[in-house]
Amino acid sequence: MKLTAGFRRNGLTRRQLLVTGAGGVLWSAMPHLVSRAHAEASQPPSVEAAKAEGPVVVWHADQEADVVEFLRIFKEKTGVDAVQQRLLPGAALPKLEAEFRAGQTTGDVYITSDSGIMENLRLQNRLLRYIPKDIDAYAPEYRSAEPGYWTTYYVNVGPMMYDPRYVKKEIAPKTWTDLLDPQWKGQIGFQNSAAGTSYGFWFAMKDVLPKDFWDNLGKNNPRAYASSTQISQDIERGDLKIGGRVSIFQYVKSVRKKQSVEAVFPEIGVPAVNQVIGIFGTTKRPNASKIFTEFMLSKEGQYLWNNIQGSYSARKDIHIEHLPDINTLRLRLPVDF
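All residue numbers for the sequence shown refer to the working numbering, where the first residue is 146 and numbers rise by one.
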């Protein structure tokens with residue numbers, strides 16, 4: 146696997162771009178003190194205390210059915226209850242700010258497609274630090290610089306996708322600039338700007354593709370979708386010819402259902418984002434949050450989650466059927482903040 150840095154520490158960073166993109170709403174307020182939770186950060190979790198705290202609330206932007214299934218297994222394995230709330234980054238930002246202003250988040254654990262948001266929360270002292278036992282299984286590019294604030298629970302690789310029943314292989318796009326061909330006008334689908342993966346696609350590829358690529362892509366009238374599931378469904382029905390950047394797990398889900406689908410991984414590189422997990426510093430359920438994080442990042446938890454979803458783990462000891470060998474891909478992945 147070839148990794149390419151997409152973020153940097155000096156100059157205009159992703160965090161600064163996020164401020165602009167979000168209108169400065171999330172980052173305008175002074176962070177609240179979360180001394181109680183931070184005092185508990187170094188304490189090992191207790192299962193009995195976790196059960197007494199009540200269900201851990203997991204904010205996420207993943208496939209809801211997949212998260213529900215994982216939470217069911219988590220409770221079965223640990224005895225700790227958990228509930229979920231699905232919030233894309235664009236919806237999570239204003240909700241987070243309002244709750245931080247009030248001094249208490251309704252969520253406990255945050256799993257998100259936007260590691261830039263999570264890194265900013267760390268800088269604002271809004272995350273509880275907890276170092277899981279298996280932290281050494283995660284390479285530096287898959288965790289916060291100071292381990293324990295956030296860690297990658299899966300790598301969201303974004304190839305192009307098409308159905309060979311509707312698009313012949315010989316004319317299907319082979320590289321990103323092939324999307325500019327007028328024959329695909331109105332027939333390319335992307336997730337809308339509320340998804341962190343869409344921002345990640347632009348950010349990871351903006352210095353690789355021609356400067357006018359994005360303007361020219363706009364001339365082909367790409368279609369915006371609320372989710373990669375909707376893109377995949379329209380491809381399957383023949384209502385959409387090309388998925389411009391589709392989360393890799395949609396490919397695996399289609400293969401499992403024995404649907405005809407092809408994923409394209411251009412040699413110039415494939416955009417990928419770190420989907421990361423962290424604990425809010427204002428959590429009311431620190432024990433349950435730590436136990437959930439520990440389980441998610443364990444070898445068992447990583448296999449369970451990524452097998453349910455059909456995605457790449459950041460761990461080298463996890464392999465999921467039907468996924469192309471990640472070592473053969475050139476990932477355009479953020480590796481520095």
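The C-beta atom is built at its ideal place from N, Cα and C for all residues, glycine as well.
Suppose you measure from the CA of residue i to the CA of residue j; what does that come to, to the nearest Å?
| i | j | result |
| --- | --- | --- |
| Ile453 | Asn365 | 35 Å |
| Leu468 | Arg477 | 17 Å |
| Ser434 | Glu291 | 19 Å |
| Pro176 | Gln269 | Since pLDDT at Pro176 reaches only 43, below the 50 mark, its modelled position is unreliable, and the value read off the structure follows with that caveat. The straight-line gap from Cα to Cα measures roughly 6 Å. |
| Leu362 | Phe440 | 42 Å |
| Trp347 | His205 | 22 Å |
| Asp326 | Leu266 | 41 Å |
| Asp357 | Val254 | 39 Å |
| Ile262 | Tyr311 | 38 Å |
| Ala194 | Ser338 | 40 Å |
| Trp450 | Pro200 | 19 Å |
| Gln378 | Ile393 | 14 Å |
| Gln375 | Val400 | 16 Å |
| Gly235 | Arg460 | 28 Å |
| Glu244 | Thr250 | 5 Å |
| Ser258 | Gln328 | 32 Å |
| Thr322 | Gln188 | 52 Å |
Mapping the DSSP letters down to three states, classify residue i as helix, strand or coil.
| i | result |
| --- | --- |
| Tyr307 | strand |
| Gly383 | coil |
| Tyr396 | helix |
| Leu273 | strand |
| Tyr344 | helix |
| Tyr299 | strand |
| Arg390 | coil |
| Thr322 | helix |
| Arg401 | helix |
| Thr473 | helix |
| Ile256 | strand |
Can you have a look at residue i and say buried or exposed, based on whether 16 or more other CB atoms are within 10 angstroms of its CB?
| i | result |
| --- | --- |
| Glu466 | exposed |
| Val192 | exposed |
| Ser405 | exposed |
| Trp359 | exposed |
| Pro277 | buried |
| Glu264 | buried |
| Asn432 | buried |
| Arg246 | exposed |
| Ala227 | buried |
| Lys398 | buried |
| Gln420 | buried |
| Lys313 | exposed |
| Ser173 | Because Ser173 carries a pLDDT of 42, less than 50, the predicted location of this residue cannot be relied on, and the following value inherits that uncertainty. With fewer than 16 Cβ atoms within 10 Å of its Cβ, Ser173 is classed as exposed. |
| Asp384 | exposed |
| Thr297 | buried |
Taking the alpha helix (DSSP H) that residue i belongs to, which residues open and close that run?
| i | result |
| --- | --- |
| Gly446 | 444-454 |
| Arg217 | 209-223 |
| Ala194 | 192-198 |
| Arg288 | Per DSSP, Arg288 belongs to no alpha helix (DSSP H) and is neither H nor E. |
| Glu407 | Taken as a continuous stretch (DSSP letters only), Glu407 belongs to no alpha helix (DSSP H), being part of the beta strand (DSSP E) at 407-409. |
| Gly363 | 358-363 |
Output the boundary residues of the beta strand (DSSP E) element that contains residue i.
| i | result |
| --- | --- |
| Phe425 | 415-425 |
| Gly334 | 333-336 |
| Val202 | 201-205 |
| Ala369 | 368-370 |
| Leu268 | Not the beta strand (DSSP E): Leu268 falls in the alpha helix (DSSP H), residues 260-268. |
| Ala237 | Segment 234-247 is the alpha helix (DSSP H) holding Ala237; no beta strand (DSSP E) there. |
| Arg484 | No statement about residue 484 is possible, as the shown extent of the chain runs from 146 to 482 and does not include it. |
For chain D, check one thing: does any of its Cβ atoms lie closer than 8 Å to the Cβ of residue i?
| i | result |
| --- | --- |
| Tyr283 | Here chain D cannot be found, since the structure has a single protein chain. |
Measure the beta-carbon distance from residue i to residue j and round it to whole angstroms, keeping in mind my assumption that it falls under 8 Å.
| i | j | result |
| --- | --- | --- |
| Gly334 | Gly293 | About 38 Å separates the two Cβ atoms, so there is no contact after all. |
| Glu214 | Met306 | That belief does not hold up - the Cβ atoms of Glu214 and Met306 are roughly 23 Å apart, past 8 Å. |
| Ile424 | Leu273 | 4 Å |
| Gly303 | Val415 | 6 Å |
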